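A.B. asks:
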Amino acid sequence: MTSLGQRWLIFAAVLALPVLVIVVPIGAFLVLSFARTENHQIVYDWNLANYAGFFGNWVYLGTFLGTLWLCFEVVVASLLVGYPLAWFIWRQRGARRYLLLQMAALPLFMSYIVKLYTLRAMLGLNGIVNQILVGIGILAAPSQVFLYNQRAVLITMVVIYLPYVVLPIFLTLERIPRSLLQASVDLGAGGWDTFRRVILPLSLPGTIAGAIFTFVLALGDFITPQMVGGTTGFTIGRVIWSQFGLAFNWPFGAAMAVVLMLVALLLIVAAGYAASRRRV
Amino acid sequence: MLKSRAERVVETAAFVLAAAIFVVLYAPVVVSAVFSVFETRAGRILWDTFTVRYYGTLWSNESVIDALSNTAVVALCAVLLAAVLAVGLALYAQWPGAVGRAPLTLIIYMPFLLPPIVTGLSLLVGSANAGLERGLLTVIVGHTIFVLAVAYRLVLTRLQALPPSMIEASFDCGASRWATLRYVLLPHLASAIATGALLALTLSFDETLISSFVAGDRMTLPLRLWAMMRVGFTPEINALVTLVLLVSIALALVAARLLKPAGEHEED
Amino acid sequence: MTLELDEVRKVYGPVEVLPAVSLEIANGEFLTLLGPSGSGKTTVLKLIGGFAAADGGRILFEGQDITRLPANRRPFNTVFQDYALFPHMTVAQNAGYGPLVQRRDPARSRKLVDETLEIVGLSALRDRYPAQLSGGQRQRVALARAIVCEPKVILLDEPLAALDASLRRQMQLFLKHIQRQIRTTFVFVTHDQDEAITMSDRIVVMNQGRIEQLGTPKELYFRPRTRFVAGFFGDNNLIAGRLNGSTVETSVGALPFGFAEPGLAAGRDVLLSIRPEMLSLSPRGIACVVEEVVFEGAATRLLLQALDAPAVKLDLQLKADAATTVPAAGDRVTVGYDPANAVVVPA
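Protein chains in written order, with this note's numbering: chain Y, 57 to 336; chain B, 76 to 343; chain F, 9 to 355.
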């Protein structure tokens, strides 16, 4: 048996590489957030100026809060669409269920850029959405309202992140033992009662965990707003990105990214807590 | 089970919704395929220009081939590294004498769970501080730590399913640690490693956010496509994209087959 | 009230699980569906409950055809094998679920729940969650939940399967007692023959989708009508032979019997069935040699081999106290029986 000291040594050896490539960079960028720029050089001066600059400036803070709200909308919309889809797949039996599940999961493997590109094309003036709406007569002429604004970002993100929401919901529904559903019916409950009193409460913790996870994913996405957001679809991701690009204010960008990271960590913990509350 | 009329109505509505969703989700594949074989003018498809020649000409498009080969190199390296690391870390985690499992798990899952922008930025800053130039190497590192969590999880789950008595039996028969690893553990883990590798491959192929920070001047396929998005995709690009989509889907289906649990007899 | 199955047929894919089952269940009885796995007993239960749809035949309740009626509209309730308690509800909430979703009067339902929990002895645990209960307690919650709905029939799907031996015996008596008390018809499924004999008013023995015999425990034990039933309960001696008037021609001679399955033609291949406890050592009878003596506490078993026909083996149960001399292995003995205790079934 290896002694405690030896075990810690082995642990250190095993952890060395992961720490080097994962923890150290995060540490570096944490440290950077406390620095400042001077004449295109980064000066490690240990100050909170970046954070003050972020929280004190409504342009930045507002964008951040706006991004949080946007991601919240995305998740809620995804749940409204995704829960029924997951429920539908779950209601199928045998090979059909498996096939539908695969079909719902495959989009996860499709190129993100391609999805963006296609959606942008579909929402545009000549895109299929406008073509259908004009064709049925809801619109008199193609409208620009579907693209290059916050709404477009919302719609696009929902389509991209939908599978991330659907799969956890399905997995959670699948864990409900069939006998519970049979028992509910046996005791005289109709479909609605069974759903409301058994299926929904039991699937809620897992659903919330999946939703929070999707929220975190959406939070970090800066390419979608850049491609379909136009000038009004601005998220904090884009702001951070520009600090590392044209604006060349790495410390400031790092500080905002740290805030983002802390919010994400908080949410991940919350998701973990929600997942642990499940009873099936 | 016998269903009431109301239940049937709800299920039909759900079916319609599901159909609509699938149409939207799979639109990219259809659209790319269509635009790879037909030409367009001002947003209108010219239906009489059907051709598959772009699937041939794309292989001589230098920037595309460069991006594609970069992506392939990065993916293979990242997957290999991640697989080796995942196996090593999983073996450690399962070792009864292991300490610090919680911090280890946290570190492994962090790059995957945190927004990619954070992971990308941390590597950007880290590599700048280390004086490392941004390029394929940094991209490989970024992809490795990103997909590590997936490979690790799959391998660990499979490892946990191995009855400890098997290892004891191996020692009992006189096998050394290395022999046990080679003849007992690795074969057992093989399918999990393969599945993890496949998933990691598809993740790496499509990875955009992290790469955008650490690629420097080099181009991976997603980054190249992103750059091209401003000007619009030519039929050649659509052909490439369609191929990439189809290959991803094929890989995903193979991975799904490997992950599929044994069939159950379902009554009713 | 009567519950009737009329030529009910059920297929699962290519397998015809129940070709044609006909059964009549009387009011207030404790009826057990007994058989090995695959015999179709659980399928019959599911068909009654409405969890499987019949592919042929009818199910009638008090004269009404309920074959196509959905499960939630049938006046029956089920106690599931895994209890199926709602994990997010307390004992009282579980018990009160039926009246709640059926929109019954809340005040009356509350009273009913309290009374039922009292009957099953769970009043003190009413605010606990299923995860905090033992197996036996969960079983009782499942039963209470069914009783509260005041069903005409309670269906029990091997509810005691998950319990250990001593708890099982307790619960068997408990269920029997409750059934007598509330006087509701119980339809009980099990593969355990001892359980069936102890608890039931009548037993339906099933094998491969068919009903072998339907009768009281005594009838099935002492007057089996088929080979399967004769061999199903405990160890039984089955001697092959040919029917000849009032005896059976076997390889150890013409053996008399007292009861035969009606309608057997003379000359038919049959089995003579005699219970081990009905055989005795007597001066005249079948000559045997003792192969083995097994002491079982309450009784001693002698495993015998007939001298005239070595293929014929007999199992004899001897009631003996400490003072009795018991034959030893290798001894020659003669075995006799009262013909009234021998039954003939088709081979």
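We put the beta carbon where it would ideally sit given N, CA and C, even for glycine.
The structure presented is a predicted model; accordingly, all values stated were derived computationally and were not measured.
Residues in the region 93 to 118 of chain F with C-beta within 7 Å of chain Y's C-beta atoms, listed in sequence order?
C.D. replies: Those residues of the region 93 to 118 of chain F that come within reach of chain Y (Cβ to Cβ, closer than 7 Å) are Phe94, Pro95, His96, Tyr105, Gly106, Val109, Gln110.
A.B. asks: Over what stretch of residues does the alpha helix (DSSP H) that includes tyrosine 184 of chain B continue unbroken?
C.D. replies: Counting along the chain, the alpha helix (DSSP H) containing tyrosine 184 of chain B begins and ends at 176 to 188.
A.B. asks: Return the residue from the list F:Thr198, F:Ala248, F:Ala154 that minimises the CA-CA distance to threonine 258 of chain F.
C.D. replies: With distances taken between Cα atoms, threonine 258 of chain F lies closest to F:Ala248.
A.B. asks: Return the CA-CA distance between glycine 338 of chain B and proline 95 of chain F, expressed in angstroms with no decimal places.
C.D. replies: Caution is warranted here: a pLDDT of 41 is assigned to glycine 338 of chain B, below 50, making its placement in the model unreliable, and the coordinate value is therefore given only provisionally. In a straight line, the C-alpha of glycine 338 of chain B is about 27 Å away from that of proline 95 of chain F.
A.B. asks: Out of curiosity, what's the CA-to-CA distance linking proline 74 of chain Y and isoleucine 182 of chain B?
C.D. replies: Looking at the two C-alpha atoms, the distance is approximately 7 Å.
A.B. asks: How big is the Cα-Cα spacing for alanine 61 of chain F and glycine 223 of chain F?
C.D. replies: Rounded to the nearest angstrom, the two C-alpha atoms are 27 Å apart.
A.B. asks: Just by C-beta distance, which residues in the region 135 to 153 of chain Y are closer than 7 Å to chain F?
C.D. replies: Residues: none.
A.B. asks: Please name the residue, chosen from F:Gly305, F:Gln189, F:Ala204, that lies closest to glutamate 227 of chain F on a Cα-to-Cα basis.
C.D. replies: Considering only alpha carbons, the answer is F:Ala204.
A.B. asks: Terminal residues of the continuous beta strand (DSSP E) containing isoleucine 285 of chain B?
C.D. replies: Here isoleucine 285 of chain B belongs to no beta strand (DSSP E); instead the alpha helix (DSSP H) covers 284 to 289.
A.B. asks: Do you know offhand how far leucine 143 of chain B's Cα is from leucine 212 of chain B's?
C.D. replies: Approximately 16 Å, taken between the alpha carbons.
A.B. asks: Please give the ranges of any beta strand (DSSP E) in the region 147 to 221 of chain Y, keeping only runs that are unbroken, at least 3 residues long and fully inside the region.
C.D. replies: Runs of the beta strand (DSSP E) inside the region 147 to 221 of chain Y: none found.
A.B. asks: May I have the straight-line CA-CA distance separating aspartate 343 of chain B from valine 230 of chain B, to the nearest angstrom?
C.D. replies: In this prediction, aspartate 343 of chain B has a pLDDT of 35, which is less than 50 and means its spatial position is unreliable; what the coordinates show is noted afterwards. Distance between the alpha carbons of aspartate 343 of chain B and valine 230 of chain B is about 35 Å.
A.B. asks: Report the neighbours of arginine 335 of chain Y on chain F: residues whose CB is nearer than 8 Å to its CB, in chain order.
C.D. replies: Result: Pro95, His96, Ala139.
A.B. asks: How should lysine 119 of chain F be labelled, buried or exposed, when 16 other C-beta atoms within 10 angstroms of its C-beta is the threshold for buried?
C.D. replies: Its Cβ having fewer than 16 others within 10 Å, lysine 119 of chain F is exposed.
A.B. asks: Do you know offhand how far threonine 151 of chain F's Cα is from valine 87 of chain F's?
C.D. replies: For the sequence presented, residue 151 of chain F should be read as leucine rather than threonine. About 6 Å.
A.B. asks: Compare the Cα-Cα distances from valine 148 of chain B to each of B:Phe308, B:Ala93, B:Ile215 and report the closest residue.
C.D. replies: Measuring from the Cα of valine 148 of chain B, the nearest candidate turns out to be B:Ile215.
A.B. asks: I'd like the ranges of any alpha helix (DSSP H) spanning at least 4 consecutive residues and lying wholly in the region 267 to 316 of chain Y.
C.D. replies: Correct list: 279 to 284, 292 to 299.
A.B. asks: DSSP has glutamine 235 of chain B in a bridge; who is on the other side?
C.D. replies: None, per the DSSP bridge assignment.
A.B. asks: Give the straight-line distance between the Cα atoms of arginine 334 of chain Y and proline 138 of chain F, rounded to the nearest whole angstrom.
C.D. replies: Going from the Cα of arginine 334 of chain Y to the Cα of proline 138 of chain F covers about 14 Å.
A.B. asks: The beta strand (DSSP E) with methionine 214 of chain F in it runs from where to where?
C.D. replies: Counting along the chain, the beta strand (DSSP E) containing methionine 214 of chain F begins and ends at 210 to 215.
A.B. asks: Between tryptophan 64 of chain Y and chain B, is any beta-carbon pair separated by less than 8 Å?
C.D. replies: Yes, because at least one Cβ of chain B sits closer than 8 Å to the Cβ of tryptophan 64 of chain Y.
A.B. asks: Quick one: give me the first and last residue of the alpha helix (DSSP H) that serine 254 of chain F is part of.
C.D. replies: No alpha helix (DSSP H) contains serine 254 of chain F, which DSSP labels as neither H nor E.
A.B. asks: Is isoleucine 324 of chain B closer than 8 Å to isoleucine 78 of chain Y when the C-beta atoms are compared?
C.D. replies: Cβ atoms of isoleucine 78 of chain Y and isoleucine 324 of chain B: not closer than 8 Å.
A.B. asks: Within 10 angstroms of the Cβ of glutamine 238 of chain Y, are there 16 or more other Cβ atoms? Answer buried if so, exposed if not.
C.D. replies: It counts as buried.
A.B. asks: Let me see if you follow: with CB-CB separation under 8 Å, is serine 235 of chain Y close to chain F or not?
C.D. replies: With 8 Å as the cut-off, serine 235 of chain Y counts as an interface residue toward chain F.
A.B. asks: Identify whether serine 59 of chain Y lies in helix, strand or coil by the three-state DSSP scheme.
C.D. replies: The answer is coil: DSSP assigns serine 59 of chain Y none of H, G, I, E or B.
A.B. asks: By Cβ distance below 8 Å, which residues in the same chain neighbour leucine 279 of chain F in space, the five residues on each side in sequence not counted?
C.D. replies: Here the set comprises Arg235, Ala238, Leu246, Ile247, Ala248, Gly249, Val352, Val353, Pro354, Ala355.
A.B. asks: Please tell me whether leucine 326 of chain B and threonine 277 of chain B are closer than 8 Å, where the distance is taken between their beta carbons.
C.D. replies: In this structure, threonine 277 of chain B lies closer than 8 Å to leucine 326 of chain B by Cβ.
A.B. asks: Assess contact between the region 292 to 304 of chain B and the region 304 to 311 of chain Y, defined as three or more Cβ pairs (one per stretch) separated by less than 8 Å. Is contact present?
C.D. replies: With the cut-off at 8 Å, the region 292 to 304 of chain B and the region 304 to 311 of chain Y do not touch.
A.B. asks: Using C-beta distances below 7 Å, list every residue in its chain close to arginine 134 of chain F, excluding the 5 sequence neighbours before and after it, in chain order.
C.D. replies: Once the five neighbours on either side are set aside, the close Cβ partners of arginine 134 of chain F are Thr98, Val99, Ala100, Leu125.
A.B. asks: Is it buried or exposed for threonine 146 of chain B, if we count other Cβ within 10 angstroms and need 16 for buried?
C.D. replies: Buried, by the Cβ-count rule.
A.B. asks: Tell me which residue opens and which closes the beta strand (DSSP E) that tyrosine 20 of chain F is part of.
C.D. replies: It spans 11 to 20 - the beta strand (DSSP E) in which tyrosine 20 of chain F sits, taken as one unbroken run.
A.B. asks: Within the 8 Å Cβ cut-off, does glutamate 341 of chain B reach chain Y?
C.D. replies: Its pLDDT being 39, under 50, glutamate 341 of chain B is placed unreliably in this model, and the coordinates cannot settle the point.
A.B. asks: If leucine 175 of chain Y and valine 201 of chain Y are in contact, beta carbons under 8 Å, what's the gap, nearest whole angstrom?
C.D. replies: With 8 Å as the limit, leucine 175 of chain Y and valine 201 of chain Y do not qualify as a contact, their Cβ atoms being about 15 Å apart.
A.B. asks: State the DSSP-derived secondary structure class of serine 240 of chain Y, mapped to helix, strand or coil.
C.D. replies: In the structure shown, serine 240 of chain Y sits in a helix (DSSP, three-state: H, G or I).
A.B. asks: Please compile the residues from chain Y whose C-beta is within a distance smaller than 8 Å of the C-beta of aspartate 90 of chain F.
C.D. replies: Within 8 Å Cβ-Cβ: Pro233, Ser235.
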